[in-house]
Structures are given as C-alpha cells and as structure tokens.
C-alpha cells in the first residue's frame, strides 16, 4: 500500500471485517527498487497489490469481486 491510497484502506477494512490477519508493506517507506520489482512480478502498476497464500489476487476491485461472488472465504481457508 501507500500512504494516500483509498483502495488500500478499503481492502484493509474488508479484511478486518472478515477477521483476517494480513501483512501490509507500505511502499511509501520502501526503496523505489522494491516497488519496481513488485510491479514487474505482478504486471500490476497500482496499489494495493493483494496476495493470498503467495498467490497474486490483484487489487481491491478483484478482492471485492471475490467477496461478492462468495469465493474469498474459500481462498482464505
């Protein structure tokens, strides 16, 4: 996430509502190389970049879609 990311806040709120523990890496505090490496790894240029069990899910929109479709709990189990 970054300091000024409303989608990061929404993703964290969704996970907190579900009682899910998560690890947040604030890219605002990291060297630019870290952000570049992450974006190259995921081919995703925006934050948040959400991983569940080392699998890249996408951003908040993808996380929310999984929740709406009833698939998120299965991934988190």
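Numbering (our numbering), first residue to last: 151 to 227. Cβ atoms here follow ideal geometry from the backbone N, Cα and C, with glycine treated the same way.
(message) Let me confirm a value: residue 198 is counted as buried when at least 16 other C-beta atoms fall within 10 Å, else exposed. Which label applies?
(response) buried
(request) Measure how close the beta-carbons of residue 176 and residue 196 come, nearest whole angstrom, since I'm counting them as under 8 angstroms. (result) Incorrect: roughly 15 angstroms between the Cβ atoms, too far for contact.
(message) Can you tell me whether residue 212 is helix, strand or coil according to DSSP?
(response) helix
(message) On the criterion of 16 or more Cβ atoms from any shown chain inside 10 Å, does residue 209 qualify as buried, or is it exposed?
(response) buried
(request) Enumerate in chain order the residues of its own chain whose CB-to-CB distance from residue 161 is below 7 angstroms, with the five nearest sequence positions on each side excluded. (result) 198, 200, 210 and 213
(request) Within the same chain, show all residues whose beta-carbon is closer than 6 angstroms to that of residue 206, passing over the 5 residues directly before and after it, in chain order. (result) 192
(message) To test your reading of the DSSP string, which unbroken beta strand (DSSP E) runs of 3 or more residues are found completely within the region 182-212?
(response) 200-202 and 205-208
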